[in-house]
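Everything on this sheet refers to the single structure shown next.
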Amino acid sequence: MEQLPAKIYSKSDLETARTKGQVMGWVQGAGAVLAVGVVLKLLGWIPTLLVVGGVVYLLYRLLGGGTKDGGEP
1278 MEQLPAKIYS KSDLETARTK GQVMGWVQGA GAVLAVGVVL KLLGWIPTLL VVGGVVYLLY
1338 RLLGGGTKDG GEP
């Protein structure tokens, strides 16, 4: 038995589908660019937070906030 399509699409249907597909592609592309921009902006804060955290930890250790042997300071 021969497989026939369930529906025959008109030229107008195909043009509409093509246009909608292009619009959806542009929307998805814009969303991807926006998401990458947000992620890269957030990644810019990570090194800053790591450096600030390291400096705070070193100051804490240098100013006598903790001991290595766990005894009284």
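Start counting the sequence shown at 1278; every next residue gets the next number (the numbering used here).
Cβ coordinates follow ideal geometry from the N, Cα and C atoms, glycine included.
Quick check on residue i: does DSSP put it in helix, strand or coil?
i: lysine 1318; result: helix
i: serine 1289; result: helix
i: glycine 1341; result: coil
i: leucine 1311; result: helix
i: alanine 1294; result: helix
i: glutamine 1299; result: helix
Residue i to residue j, Cα distance in whole Å?
i: alanine 1309; j: lysine 1297; result: 18 Å
i: serine 1287; j: alanine 1294; result: 11 Å
i: leucine 1339; j: valine 1333; result: 10 Å
i: valine 1313; j: tyrosine 1337; result: 36 Å
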